[in-house]
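Enquirer: Respectively, the protein sequence lines represent chains A and B. Heads up, the first sequence is in our numbering, so the first residue is 185 and it goes up one at a time. Heads up, the second sequence is in our numbering, so the first residue is 268 and it goes up one at a time.
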Amino acid sequence: MPVFAQIINMLAALFLLVAFAMLTQRRIVHLINLYALQGAILAFSIIAVAYGTHQQSLYFSAALNALLKVVVIPMILHRLVRRLRIAWDRESLLRAPTLLLTGLVLNIFAFNTALPIEQLAGTVNRDTFAIALSSVLLSLLMMIVRKTAITQVLGFLSLENGLIFAATSVTYGMPMMIELGIALDVIVGVFILGVFFFHIREEFDSLDLHNLDRLGD
Amino acid sequence: MTPWIFLIPLAGALFLAVYGDRPWAFAANTAFSAATFAAAAMMTAHLLAHGPFAALHDQVFVNPLNAFFADLTAFVTLTTSIFSRAYMRIESHTGRLNPRRLRLYHSMFQMFALTMLIALLTNNIGILWVAMEGATLSTALLVSLYRTPASLEAAWKYFILCGVGIALALFGTIMVYFAAHALVGGQASLLWTNLDRIRAHLDPAIVGVAFAFLLLGYGTKVGLVPVHNWLPDAHAEGPTPISAVLSGLLLNVALYAVVRFKKLADGSLHSRWPNHLMMAFGLLSVLVAAFSLARQRDIKRLFSYSSIEHMGLATFAFGMGGPLANFAALLHMTVHSLTKSSLFFSSGHIAQKTGTQDIDQIGGLLGRNPAMGWALLLGSLAILGMPPFGVFTSEFLILTVTIHKELWALPFLGVGLAVAFAALFGRTQSMVFGETRIPKAPAPPSLWPSFLHLALVLLLGLSIPAILSAWYTAAARLLIH
């Protein structure tokens, strides 16, 4: 196995580790840093793939992802947290050990589902597809169990990281135009969420989502 | 020529972001929508004269199927902008909207129209995804425009649930790209024209996974049960013109995406499970929505649940497949779109004039405010599928195909439609008849867009013009071949 492929596998393992760490981290500032770290791992693994396959366009994709997920979005989120003075998330629905065990079960499920698809891919980093799928599921789990608006958003953003990782592992990423479109949607989405936070805070004095549970059917 | 249909609403969005709070901005909004409609008409004329065509380096492809949806979108956007002129002017006079919110509203109204038109006309499934997400983003802040606690909750739910839905759809899109990548390669493997051509050779394992994700993802935006929770809140809490376009148009666009992908799945899988899955989602939506209707106390939530029911019915019809079922589903989407926006126009005026959306407090509309009463009564009869309105024709066709092809589903559909009828008719009756407690509206409402839509639905029910019928047939055939 060439060195860059081993590096890709190691980065993928780190990517999954960060996804697990995000699942249980309750300090918001650390959670944002973990998100930035995940973005950095994503960017590095795209660079490794670009180096291994000599695809120039992947360097742009790596730069775009790094700029967005390591610099811009974490910066916006940190400013929001400071201005809204939120430090801790509330207790999640499940305790940490239960949460991690549930995560493991999802992992096994993802690896089994991904197996036939991986075999069809002709990419050097196809083994990482299972990890991408696991981290997508872990992010979904995080969105379900977390109770404040900002942690749900971080779950959503890390879900998007997982999707980009999946795209890189089976097809060396989407065409540039689409990646730009996705990046545009994500950045606009984060801005709108920032606006939302202030509105929610103004109206309810907290970002706790149990306030947002009045509309029945 | 084709770029105009995108450039006009884009220009409108930018222009109104700056000048959207001027007294003439209401009319400017209508003018931009009218120009977009004219561009859509020109595009259609070209289609009818020369047949399907590609434009903008193959990134746009116009065929009878998406042109029909684009025309419907441009038309309902135009009539909604006319309604919005009267409605939003009153809202801003009563002080519910400050200039900043008015600019946001007008700008995002145009942006929303733009994203829907891109989603429909693009030939690229990646752009389709970007535009669908753009449609959520442009309307999220409009749902919470009034900043009430309920509207903030609705907007949050809308944003997060549709966000997750759309993320699943992105996964599905990546999988389709992956399947096609091996056969076509590069950017070209994202184009509908190529995908439709090679669909028989796409790997069934990948396309199967992809379709499951795409159905769940875009299905969230169609409002299919069990991923419908956001819909009644989002459609009920925003300003009424937005409710009308969300219910009347965005649901159609999302369902359009689902059926295009279903065609790929049909070609690749040689199995009927995508059909069964769509029928199951559709039936479940019809039943759950019908039983929820009876519990509604809010006039706009009532009609939102009715949207879930009707989109469920259309999804079920597409699930059955075949030329006639597809024809019926397309017709159903058209008449639902027209009738539902008409109902939102009238219920918006009713809520505005009576100062409440609570059904129990609205009564005797026919006595004091006959125009609003008739618009609501006729609209409700139309949406319930009473002859001679067009909804009757499409529901009758869907039931006929059900009897021939999927007899087992008939009792479920029958129960759903009957329960919906009883619930919705009972609610409407209490609003239009009886003693009134509310004063006569100070000024007569401008409800002609509402009556115009109902007249069109009536026309479609009495006899479908030959040209339209040929068009529907061509569009329905495109979903198979």
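Cβ coordinates follow ideal geometry from the N, Cα and C atoms, glycine included. Please read all numbers here as calculations on a predicted model, not as lab measurements.
Measuring only the C-alpha atoms, how far is F310 of chain B from I385 of chain B?
Expert: The displayed chain sequence assigns Met, not Phe, to residue 310 of chain B. Rounded to the nearest angstrom, the two C-alpha atoms are 14 Å apart.
Enquirer: What separation, rounded to the nearest whole angstrom, lies between the Cα atoms of L290 of chain A and A334 of chain B?
Expert: Straight-line Cα distance between these residues: approximately 43 Å.
Enquirer: Judging by CA-CA distance, which residue of B:A733, B:I433, B:L610 is the nearest neighbour of T695 of chain B?
Expert: Checked all of B:A733, B:I433, B:L610; the closest Cα to T695 of chain B is B:L610.
Enquirer: Would you say H419 of chain B and L364 of chain B are within 9 Å of each other, going by their C-beta atoms?
Expert: Before going further, note that residue 419 of chain B is Leu rather than His in the sequence given. Cβ atoms of L419 of chain B and L364 of chain B: not closer than 9 Å.
Enquirer: For the segment 233 to 256 of chain A, which residues have a CB atom closer than 7 Å to at least one CB atom of chain B, in sequence order?
Expert: Listed by position, the residues of the segment 233 to 256 of chain A near chain B (Cβ gap below 7 Å) amount to none.
Enquirer: Report the residue from A:F381, A:A234, A:V187, A:F199 whose alpha carbon sits nearest the alpha carbon of A148 of chain A.
Expert: Only positions 185 to 401 of chain A appear in this structure, which leaves residue 148 of chain A out of reach.
Enquirer: What are the partner residues of V837 of chain B, as DSSP defines its beta bridges?
Expert: Residue coverage of chain B in this structure runs from 268 to 748, which leaves residue 837 of chain B outside it and unanswerable.
Enquirer: Evaluate the contact criterion for the segment 630 to 640 of chain B versus the segment 561 to 580 of chain B: three or more CB pairs, one atom per stretch, below 8 Å.
Expert: Counting Cβ pairs under 8 Å, fewer than three are found: no touch.
Enquirer: Return the Cβ separation of S319 of chain A and G346 of chain A in integer angstroms, given the expectation that the two are a contact with Cβ distance under 8 Å.
Expert: About 4 Å; that satisfies the 8 Å criterion.
Enquirer: For the ligand SAH, any of its heavy atoms closer than 8 Å to the Cβ of N391 of chain B?
Expert: Among the components modelled here there is no ligand, and therefore nothing to report on the ligand SAH.
Enquirer: When DSSP labels each residue in this structure, what does T415 of chain B get in the three-state scheme?
Expert: Correct three-state label for T415 of chain B: coil.
Enquirer: Consider the Cβ of P270 of chain B: report whether some Cβ of chain A lies at a distance smaller than 9 Å.
Expert: Output row for P270 of chain B: interface = no.
Enquirer: Let me see if you follow: with CB-CB separation under 9 Å, is N390 of chain B close to chain A or not?
Expert: Output row for N390 of chain B: interface = no.
Enquirer: Could you check the C-alpha separation between S661 of chain B and K529 of chain B for me, to the nearest Å?
Expert: Near 21 Å, if we compare the C-alpha coordinates of K529 of chain B and S661 of chain B.
Enquirer: At what residue ranges does the segment 509 to 589 of chain B contain a whole run of the beta strand (DSSP E), taking only runs of 3 or more?
Expert: Runs found: none.
Enquirer: Among B:Q628, B:G588, B:L428, which one has its Cα closest to the Cα of H748 of chain B?
Expert: Answer by Cα proximity: B:G588.
Enquirer: Check the Cβ of L680 of chain B against every Cβ in chain A and list those closer than 8 Å, keeping chain order.
Expert: None at all; the shortest Cβ gap to chain A is about 22 Å.
Enquirer: Identify each residue in the segment 350 to 374 of chain A for which the Cβ-Cβ distance to at least one residue of chain B is less than 8 Å, and report them in chain order.
Expert: Residues A350, A351, V354, T355, M358, P359, M361, I362, G365, I366, L368, D369, V372, G373.
Enquirer: Mark A280 of chain A as exposed unless 16 or more other C-beta atoms lie within 10 angstroms of its C-beta, in which case mark it buried.
Expert: The residue in question, A280 of chain A, is exposed, as its Cβ has fewer than 16 Cβ neighbours within 10 Å.
Enquirer: Helix, strand or coil for W291 of chain B? Go by DSSP, reduced to three states.
Expert: Coil, per DSSP.
Enquirer: Taking 8 Å as the limit between beta carbons, can you name the residues of its chain near L369 of chain B, skipping five residues before and five after?
Expert: Closer than 8 Å at Cβ, skipping near neighbours: G287, D288, A292, M355, S359.
Enquirer: Below 9 Å on C-beta distance, what does G401 of chain B contact in chain A?
Expert: The contacting residues are G365, L368, D369, V372.
Enquirer: Using a threshold of 9 Å, state whether the C-beta atoms of T667 of chain B and A676 of chain B are closer than that.
Expert: Result no, Cβ atoms of T667 of chain B and A676 of chain B do not sit closer than 9 Å.
Enquirer: With a 10 Å radius around its C-beta and 16 neighbouring C-beta atoms as the bar for buried, classify D401 of chain A as buried or exposed.
Expert: For D401 of chain A, the predicted model reports a pLDDT of 49, less than 50, meaning its position is unreliable and no value from the coordinates is stated.
Enquirer: If we ignore side chains and look at the alpha-carbon of each, how far apart do K607 of chain B and I315 of chain A end up?
Expert: Distance between the alpha carbons of K607 of chain B and I315 of chain A is about 45 Å.
Enquirer: Roughly how far, in whole angstroms, is the beta-carbon of P276 of chain B from the beta-carbon of Y372 of chain B, given that I think they are within contact range, below 8 Å?
Expert: With 8 Å as the limit, P276 of chain B and Y372 of chain B do not qualify as a contact, their Cβ atoms being about 15 Å apart.
Enquirer: Would you tell me roughly how many angstroms separate the C-alpha atoms of L462 of chain B and I376 of chain A, rounded to the nearest one?
Expert: Taking the straight line from one Cα to the other gives about 34 Å.
Enquirer: Among B:L605, B:A690, B:L483, which one has its Cα closest to the Cα of A556 of chain B?
Expert: Considering only alpha carbons, the answer is B:A690.
Enquirer: With a 10 Å radius around its C-beta and 16 neighbouring C-beta atoms as the bar for buried, classify R330 of chain A as buried or exposed.
Expert: Flag for R330 of chain A reads buried.
Enquirer: Note down, in chain order, each residue of its chain lying with its Cβ closer than 7 Å to the Cβ of F718 of chain B, except the 5 sequence neighbours on either side.
Expert: Here the set comprises A642.
Enquirer: Assign Q303 of chain A to buried or exposed, taking buried as 16 or more other Cβ atoms, counted over all protein chains shown, within 10 Å of its Cβ.
Expert: Result: exposed.
Enquirer: Short check: CB of R352 of chain B to CB of T406 of chain B, under 9 Å?
Expert: Not in contact: R352 of chain B and T406 of chain B (Cβ atoms no closer than 9 Å).
Enquirer: In chain A, which residues lie less than 9 Å from Y425 of chain B when you measure between Cβ atoms?
Expert: Neighbours of Y425 of chain B on chain A: none; closest Cβ ~11 Å, over 9 Å.
Enquirer: List, in order along the chain, the chain A residues whose C-beta lies closer than 7 Å to that of V443 of chain B?
Expert: Those within 7 Å of V443 of chain B in chain A number zero; the least Cβ separation is about 11 Å.
Enquirer: When you compare only the Cα positions, how much space is there between F283 of chain B and W715 of chain B?
Expert: One detail in the question is off: residue 283 of chain B reads as Leu in this sequence, not Phe. Rounded to whole angstroms, L283 of chain B to W715 of chain B spans 25 Å at the Cα level.
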